[in-house]
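Peer 1: Number 583 in the working numbering belongs to position 495 of the first sequence; there are no gaps in the numbering.
The beta-carbon is built from N, C-alpha and C at its ideal position, and this holds for glycine as well.
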Amino acid sequence: MSDPLLADLNSPQREAVLHGEGPLLVLAGAGSGKTRVITRRVAHLVSRRSVAPWRVLAVTFTNKAAGEMRDRLSTLLGPEAVDLVVSTFHSSAAMVLRREAEAAGLSRSFVIYDEGDQMQLVRRAIRESGVDPSAVNARDVLWRIDVEKNAGRTPDQVRVPPHQSRLAQTVAVYRKYQQLLRAANAVDFGDLLLLLVELFRRDEATREKYRRRFEHVLVDEFQDTNAVQYELLKLLAPPGANLVVVGDDDQSIYRWRGAEVGNILGFRDQYPTAKVVTLEQNYRSDQTILDAAHAVISRNERRMPKKLWTARPRGELLDLLISRDERGEAQEVARRIQDLRREGIADYHGVAVFYRTNAQSRVLEEALRLARIPYAVVSGRSFYERAEVKDACAYLRLMVNPRSDADLLRVINTPPRGIGDTTVERLTDYSAAQGVSAYEAIADPERIESLGKAAVRRLKSFRELVDQLCETGRMANDAAGAVERMLLASGMVEAYQIEGTPEATGRAENLRELQGAASEFDLQFAAQPKSKESLSPELPPLQAFLERISLLGEADGEVGEGKVSLMTLHAAKGLEFDMVFITGMEDGVFPHARALDSSAGAEEMAEERRLCYVGFTRARRRLFLSLAQGRALYGELKFNPPSRFLSEVPRELFGFEEEALVQRQVLAVPPRVRRRAEEGEGPVIDRSYDQRTDFDGEAEGARGIRVRHSQFGMGVVVQVDGRGPNAKLTVEFESVGPKRVLARFLEPL
DNA sequence: AACGTCACGCTTTTT
DNA sequence: GCGTGACGTT
89 MSDPLLADLN SPQREAVLHG EGPLLVLAGA GSGKTRVITR RVAHLVSRRS VAPWRVLAVT
149 FTNKAAGEMR DRLSTLLGPE AVDLVVSTFH SSAAMVLRRE AEAAGLSRSF VIYDEGDQMQ
209 LVRRAIRESG VDPSAVNARD VLWRIDVEKN AGRTPDQVRV PPHQSRLAQT VAVYRKYQQL
269 LRAANAVDFG DLLLLLVELF RRDEATREKY RRRFEHVLVD EFQDTNAVQY ELLKLLAPPG
329 ANLVVVGDDD QSIYRWRGAE VGNILGFRDQ YPTAKVVTLE QNYRSDQTIL DAAHAVISRN
389 ERRMPKKLWT ARPRGELLDL LISRDERGEA QEVARRIQDL RREGIADYHG VAVFYRTNAQ
449 SRVLEEALRL ARIPYAVVSG RSFYERAEVK DACAYLRLMV NPRSDADLLR VINTPPRGIG
509 DTTVERLTDY SAAQGVSAYE AIADPERIES LGKAAVRRLK SFRELVDQLC ETGRMANDAA
569 GAVERMLLAS GMVEAYQIEG TPEATGRAEN LRELQGAASE FDLQFAAQPK SKESLSPELP
629 PLQAFLERIS LLGEADGEVG EGKVSLMTLH AAKGLEFDMV FITGMEDGVF PHARALDSSA
689 GAEEMAEERR LCYVGFTRAR RRLFLSLAQG RALYGELKFN PPSRFLSEVP RELFGFEEEA
749 LVQRQVLAVP PRVRRRAEEG EGPVIDRSYD QRTDFDGEAE GARGIRVRHS QFGMGVVVQV
809 DGRGPNAKLT VEFESVGPKR VLARFLEPL
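(1) So the candidates are Q339, P504, L496, R505; which of them puts its Cα closest to the Cα of S519?
(2) Would you call the stretch 178-195 and the stretch 214-222 in contact, with 3 or more CB pairs under 8 Å?
(3) Buried or exposed, going by whether 16 or more other CB atoms sit within 10 Å of the CB of D778?
(4) Measuring straight from C-alpha to C-alpha, what distance separates P243 and I341?
(5) State whether the stretch 532-552 contacts the stretch 607-624, with contact taken as three or more CB pairs (one from each stretch) at a distance under 8 Å.
(6) Which parts of the stretch 252-322 are runs of the alpha helix (DSSP H), unbroken and 4 residues or longer, counting only runs that do not cross its ends?
(7) According to DSSP, H178 sits in a beta bridge with which residue or residues?
(8) Thinking just about the alpha-carbon of each residue, which of V199, A140, G166 is nearest to the one in I637?
(9) Thinking C-alpha only, which one of L112, Y443, Q556 is nearest A570?
(10) Does DSSP put D493 in a helix, in a strand, or in coil?
(11) Is the beta carbon of N370 less than 8 Å from the beta carbon of A118?
(12) Considering just the uninterrupted stretch of the beta strand (DSSP E) at G703, what are its terminal residues?
(13) Let's test the definition: count the other Cβ atoms within 10 Å of the Cβ of K661 and tell me whether it reaches 16, buried, or not, exposed.
(14) In this structure, does DSSP put Y443 in helix, strand or coil?
(15) Can you tell me which of the three DSSP states M655 falls into?
(16) Less than 8 Å separating the beta-carbons of F665 and G438?
(17) Under a Cβ-count criterion, where at least 16 other Cβ atoms within 10 Å of its own Cβ denotes burial, should K816 be classed as buried or exposed?
(18) How is L830 classed by DSSP in three states: helix, strand or coil?
(19) Out of Q252, E822, P729, P401, point me to the one whose CA is closest to P679's CA.
(20) When the Cα atoms are used, what is the spatial distance from K389 to W397?
(21) Among residues of its own chain, excluding the 5 on either side of L630, which ones have a beta-carbon nearer than 6 Å to its beta-carbon?
(22) Let me confirm a value: R732 is counted as buried when at least 16 other C-beta atoms fall within 10 Å, else exposed. Which label applies?
(23) Could you give the distance in angstroms between the alpha-carbon of A455 and the alpha-carbon of F633?
(24) Is the stretch 120-133 close to the stretch 347-356, with three or more CB pairs under 8 Å?
(25) Return the bridge partner residues of N330 from the DSSP annotation.
(26) Thinking C-alpha only, which one of R270, A271, L269, V235 is nearest L255?
(27) Would you kindly work out how many angstroms separate the C-alpha atoms of F355 and V805, rounded to a whole number?
(28) Would you mind sorting P141 into buried or exposed? The rule is 16 or more other CB atoms within 10 Å of its CB.
(29) My assumption, with CB atoms under 8 Å, is that F550 sits in contact with R505. Please give the rounded CB distance.
(30) Should H178 go down as buried or exposed, given a rule of 16 or more other Cβ atoms within 10 Å for buried?
(31) What runs of the beta strand (DSSP E), each 3 residues or longer, lie entirely inside the stretch 339-405?
(32) Would you call I586 buried or exposed, if buried means 16 or more other Cβ atoms sit within 10 Å of its Cβ?
(33) Assuming R343 and E695 make a contact with CB atoms under 8 Å, what is their CB distance in whole Å?
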């Protein structure tokens, strides 16, 4: 037992690492060391069981996770780690698709379209598929296409029941959209997986080739896999194969992106021989935090039973912060952060503030700035989303693949060169009618009869520009040089310089930054050790760079050094902090109003609850839960009740004087609920009874009681007329003074 | 082609 | 309450 790969593992972890042949499901609770299990297992396979590194495929969801795993494996294995295939679903699929481009019906130089390109293409597909443009909405259609692709369905596989003309139209657009993608030699993110599934289904020889190659397949965050991803895994690893999936059903928070918790819950149905190992020892949080998390998550019905425990002490009690409104909340958070720092309990780096929706970040940022607390919003994107950067990328992709209509149309008049909407429309009409790409159409613009002389001339000169760029692209032996020449030839930088405004200067700087990113890439690319077993096909530097920026959002959501981190609860997954603040703990904010909607399925609420579990379990030492009594939402002031998740946490886990809060009339503890609470099992805030009918028969006695109205907030009943839910009450509100309202719109506190 | 204005609608967002 | 997209005006 002196093997250093095993020495510091607990017994289930070791069991997972040492597991021999066949499928394995590792149910890894939050903070239970799952990445450690995967990396050790891979290291063990290679160094103790003589598995060739290139026969191991480890798949993750994010580039960041893949990068971390690769780093850890390099440390464990040294140079041998180079041959391991550690990458995201999408990039490994892209690599295989490029290698097998012909069989998959693609050209090897296909480009990958992002959401903006997709949107543009959908709009065009709507126009060209003959469906009534006013009957469909491009956003909805794109969403639906994504859903179908995530489910693994091609247009032909979508079942349209009779009399569903709307769906039929959507499918027609989907079909056209696919044609346009193929014509442009482009794929979208969904295609990367779907086309590979199709290829593996159709072509047994190719499927066998990869089955043989990947003797061991390991999947991280398995709870987030969607139907196509699972299908791909099943094709690659038939029952009985060495497939190791690691995940936590309780942390499945991407259902709306197609993730299927059912994949992990039902894994044993697909892989009946799978061994199951459950990791429940948590190495991150104090017990109090784990107890709170468990109290919330255990209310979900469809989950694998497990309960985290720690060898660590109980730790501090939870803090509940209650503020008047969202600005008060932000100030309170800032104040607490300063306190923590002053008392030497935490440094900025160890503090994170989470919120349910991005819209909440603004007020928080303002308060932190005012308090001079350094912070960083972890969003993970932005740079590659800027218009000028996207334009530049469109040029780069054109250099590799001029048939890419989305890219060509994007930059045909960027910078302005007198090719207006009318000309573009005539061009696309022509190219659609002729069934050629826009690039092919402008080879000879005279053939487009509808065009005037000036337009023809301008299109010709644009075509020359594109050809020149393609030539440059072919000759380039590094990405940075190609970017530089593109920036010059396209006139982009020049146009911004002429404009001269501070904004334009900023844009020009961003373009330089892109060039900088390219040179950085070139250095890495040159230094990268290449093995002949590498899965990634040999790509010219510019193409490799493009592949990288298409598949890699940005320099992954960096948690700033010496800064407080601000992020959505979703973005928090996988991270950990000493101190965690979760703001907006109100029904309607978190859980989100959409999950509260009675028309929403219970699964929505279950997912919010999992999100809450994710949020809680990010905290190592202290967890601050914060709510505002009133909050500006969509431009109007809303008074939402405290989050139900708060009431699910046992009261003894909170470090406050309940009486004081009741006196401040912040916590609603109606007498009968209080009775249960005093018996020791009740929650702090219980609103499980139906408040709306609570005035029934008691209306006369309602005078003087405190109520809450969803619009007017807190108030006191001063007069009662009538009985039951339709009784008219006069209420003195704190915010707006006296109002007459119906009892059923009030919530007694 | 650039600007204005109006209406809408509105989580989360690994790739 | 704010940003986006669709339309209309100059």
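Peer 2: With the given structure in hand:
(1) The sequence position of residue 519 within the first sequence is 431, counting from 1. It is L496.
(2) They do not touch, by the three-pair rule.
(3) Mapped onto the first sequence, residue 778 falls at position 690. Unreliable placement is indicated for D778, whose pLDDT of 32 sits below 50; the coordinate value is still reported in the next sentence. Classification of D778: exposed, given that the 10 Å Cβ count is below 16.
(4) By 1-based counting over the first sequence, the position of residue 243 is 155. By 1-based counting over the first sequence, the position of residue 341 is 253. Looking at the two C-alpha atoms, the distance is approximately 27 Å.
(5) Contact fails between the stretch 532-552 and the stretch 607-624, because fewer than three Cβ pairs, one in each stretch, are under 8 Å apart.
(6) As for any alpha helix (DSSP H) of minimum length 4 sitting wholly inside the stretch 252-322, the runs are 253-271, 277-290, 292-301, ordered along the chain.
(7) Looking up residue 178 in the first sequence gives position 90. In the DSSP output, where bridge partners are listed per residue, H178 has none listed.
(8) Taking the first residue of the first sequence as position 1, residue 637 is located at position 549. Among V199, A140, G166, the Cα nearest to that of I637 belongs to V199.
(9) The sequence position of residue 570 within the first sequence is 482, counting from 1. Selected option, being the one with the closest Cα: Q556.
(10) Counting from one through the first sequence, the residue named residue 493 turns up at place 405. Helix.
(11) As a position in the first sequence, residue 370 is number 282, starting the count at 1. As a position in the first sequence, residue 118 is number 30, starting the count at 1. Yes, they are a contact pair.
(12) Here residue 703 corresponds to residue number 615 of the first sequence, with the count starting at 1. In the DSSP annotation of this structure, G703 is not part of any beta strand (DSSP E); the continuous alpha helix (DSSP H) holding it starts and ends at 690-704.
(13) Locating residue 661 in the first sequence gives position 573, where the first residue counts as 1. Buried is the call here.
(14) Locating residue 443 in the first sequence gives position 355, counting from the first residue. In the structure shown, Y443 sits in a strand (DSSP, three-state: E or B).
(15) Counted from its first residue, the first sequence places residue 655 at position 567. In this structure, M655 counts as strand in the three-state DSSP scheme.
(16) By 1-based counting over the first sequence, the position of residue 665 is 577. By 1-based counting over the first sequence, the position of residue 438 is 350. With a cutoff of 8 Å on beta-carbon distance, F665 and G438 are scored as near each other.
(17) As a position in the first sequence, residue 816 is number 728, starting the count at 1. Exposed, because fewer than 16 other Cβ atoms sit within 10 Å of the Cβ of K816.
(18) The count along the first sequence starts at 1 and reaches residue 830 at position 742. Under the three-state reduction of DSSP output, L830 falls in the strand class.
(19) Here residue 679 corresponds to residue number 591 of the first sequence, with the count starting at 1. When only C-alpha atoms are compared, the closest one is P729.
(20) Your numbering for residue 389 matches position 301 in the first sequence. Your numbering for residue 397 matches position 309 in the first sequence. Position check: residue 389 holds Glu in this sequence, whereas Lys was assumed. Taking the straight line from one Cα to the other gives about 20 Å.
(21) Indexing the first sequence from 1 puts residue 630 at position 542. So the list reads G561, A564, A567, A570, once near-sequence residues are dropped.
(22) Taking the first residue of the first sequence as 1, we reach residue 732 at position 644. R732 counts as buried, since no fewer than 16 other beta carbons sit within 10 angstroms of its beta carbon.
(23) Counting from one through the first sequence, the residue named residue 455 turns up at place 367. Counting from one through the first sequence, the residue named residue 633 turns up at place 545. Rounded to whole angstroms, A455 and F633 show a C-alpha spacing of 39 Å.
(24) No: fewer than three Cβ pairs fall under 8 Å.
(25) Position 242 of the first sequence, counting from 1, holds the residue named residue 330. Per DSSP, H304.
(26) By one-based count along the first sequence, residue 255 stands at place 167. The shortest Cα separation from L255 among R270, A271, L269, V235 belongs to V235.
(27) As a position in the first sequence, residue 355 is number 267, starting the count at 1. As a position in the first sequence, residue 805 is number 717, starting the count at 1. When rounded, the separation of the alpha-carbon atoms in F355 and V805 is 56 Å.
(28) Indexing the first sequence from 1 puts residue 141 at position 53. Per the 10 Å Cβ criterion, buried.
(29) The count along the first sequence starts at 1 and reaches residue 550 at position 462. The count along the first sequence starts at 1 and reaches residue 505 at position 417. Indeed, because the Cβ distance is near 7 Å, the residues count as touching under 8 Å.
(30) Here residue 178 corresponds to residue number 90 of the first sequence, with the count starting at 1. Residue environment analysis places H178 among the buried positions, since at least 16 neighbouring C-beta atoms fall within 10 angstroms of its C-beta.
(31) Taken in chain order, the complete beta strand (DSSP E) segments of 3 residues or longer contained in the stretch 339-405 are 363-367.
(32) As a first step, residue 586 must be located in the first sequence, where it is residue number 498. Result: exposed.
(33) Residue numbering aside, residue 343 sits at position 255 when the first sequence is read from its first letter. Residue numbering aside, residue 695 sits at position 607 when the first sequence is read from its first letter. Contact holds; Cβ gap of about 5 Å.
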